[in-house]
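Structure first, commentary second.
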Amino acid sequence: VNNTQLTTVQNACYGRLKMNCSKVKIKFNIDVRNLTMSDLQKPLHSGLIMSLFILTLDKLIPLSKNLQASYWVQYINPNGFENNFVDSANKLEQKNECASAQIDLVFVIDSSGSVGSTNFVKTKTFLVNVVDSLDISQDETRVAVVRFSSSPIVMFDLDTHSTKTAVKNAINAISYDGGGTATDTALDKARTSVFTNTTRKSAAAKVLVLVTDGKSNSENKTVAAAQKLKKDGVTIFTIGVVNPRVSELTAAASEPSCT
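Residues in the sequence shown are numbered consecutively from 172, following the numbering used here.
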C-alpha cells in the first residue's frame, strides 16, 4: 500500500466508503481515517486498506491469474511485473492447505438472457477450473450446481457425484436456458433444497458461489434471500459477468465483500 492509496481510502471514508469504514471500526476497532503509513506495517491494517482501495476502483477483479496480473500492474502496483505476480500465485496454489478441507460447495449460475450463451459457456469453464483445484470426494469437497433464469433448477446435488471427473462432466453437460433473472428464488432453492437436504452434519464449511450479472428481477429480494443463507452459516461469494451490477453483487456477498 502506498501513500496515495491510503489517502484515497481515507477520503472515501467520508463519502462512498463511509459505511464500509464504519463496519471496519465496529468489527476491528480500527479507525481507517486515522491510520498512518507506519501503521500499515501490520498485515491486518495494510490488508484492510488494500481491500477498501480496490472498492474505490469499482472494477471487478478478473478470474484468471494472467488477467489478475494485468489488473495488479494497471491499478495496484504500476512498478510491478506481471510474471512475478503469476509466479507468486502459482507458489501459493502449490502450498494450498484448503484443498483437502471439508467443504459443501454450491454454485448458483445465471443462465438468463442478459448473460447470453457465450458467457454461460465461460461460466461453466470457470466452474470446471475451480473444481480442478479441489479434492473432490464425499469425505472432502462436495459440489452441487443450481442453474437459474426465470426459475431455478438443481442440476445435481452435493451427494450426486463423488469424483472430480464426474463433477466436471456434469458441469459441462449443463445447457443454456435464457429468460429472466430470478436470482432470489435460485438462492432460496439452494438454501431449502440443497444445503438443507444434503449438507453433512460434520463441521464442513458451507459455501455458495453466485455467478451472475447482478441484474436480477428484484435486487431487494435477492439481498434478502442471501441474508437468509448467511444466517444459516453459508459463506457467499459473488462473481460478476457481462458488465455486472456491482452494488447487487456486493450486497449479496458475505463480509468482507467476497465479490
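Glycine included, every Cβ here is placed at the ideal spot set by N, Cα and C.
What you are looking at is a predicted structure, and each value in this text was computed from that prediction instead of being measured.
Taking only three categories from DSSP, how would you classify Gly411? Working through the sequence shown from its first residue, we reach residue 411 at position 240. Reduced to three states, the DSSP call for Gly411 is strand.
Can you pull the DSSP bridge partners for Lys377? As a position in the sequence shown, residue 377 is number 206, starting the count at 1. Its beta-bridge partners are Asp275 and Val405.
How many whole angstroms separate the CB atoms of Lys360 and Val405, which I take to be in contact at a CB cut-off of 8 Å? For the purposes of this step, residue 360 is identified with residue 189 of the sequence shown, where counting begins at 1. For the purposes of this step, residue 405 is identified with residue 234 of the sequence shown, where counting begins at 1. Between Lys360 and Val405, the beta carbon gap of about 13 Å keeps them out of contact (Cβ cut-off 8 Å).
Through-space distance from Ser304 to Ala270, alpha-carbon basis: Sequence index remark: in the sequence shown, residue 270 carries index 99 (1-based). Sequence index remark: in the sequence shown, residue 304 carries index 133 (1-based). Caution applies to Ala270, whose pLDDT of 48 falls short of 50 and renders its modelled position unreliable; the model cannot decide the point.
Under 8 Å, Cβ to Cβ, is there at least one residue of chain B near Ser235? As a matter of chain content, chain B is missing from the structure shown, which is built from one protein chain.
What first and last residue would you give for the beta strand (DSSP E) that runs through Thr336? In the sequence shown, counting from the first residue as 1, residue 336 sits at position 165. Element bounds for Thr336: not the beta strand (DSSP E) but the alpha helix (DSSP H), Lys335 to Asn343.
Where does Phe252 fall in DSSP's three states? Here residue 252 is taken as the residue at index 81 of the sequence shown, counted from 1. Of the three classes helix, strand and coil, the one that applies to Phe252 here is coil, per DSSP.
Taking Phe327 as part of the beta strand (DSSP E), name the residues at either end of that continuous run. Taking the first residue of the sequence shown as position 1, residue 327 is located at position 156. First-last of the beta strand (DSSP E) with Phe327: Pro323 to Phe327.
Measure the alpha-carbon distance for Asn254 versus Asn368 and round it to whole angstroms. One-based indexing of the sequence shown puts residue 254 at position 83. One-based indexing of the sequence shown puts residue 368 at position 197. For the pair Asn254 and Asn368, the Cα-to-Cα distance works out to about 45 Å.
Going by DSSP, name the residue or residues bridged to Asp210. Looking up residue 210 in the sequence shown gives position 39. Answer by DSSP bridge pairing: none, since Asp210 is not bridged.
Which value, in whole angstroms, describes the spacing of the CA atoms of Val257 and Asn237? By one-based count along the sequence shown, residue 257 stands at place 86. By one-based count along the sequence shown, residue 237 stands at place 66. A direct Cα-to-Cα measurement between Val257 and Asn237 gives close to 7 Å.
List the residues that DSSP assigns as beta-bridge partners of Ile280. What you label residue 280 is simply residue 109 of the sequence shown in a count that begins at 1. Paired residues: Arg318 and Val382.
Where Lys339 falls, given that 16 or more other Cβ within 10 Å makes a residue buried: For the purposes of this step, residue 339 is identified with residue 168 of the sequence shown, where counting begins at 1. Buried is the call here.
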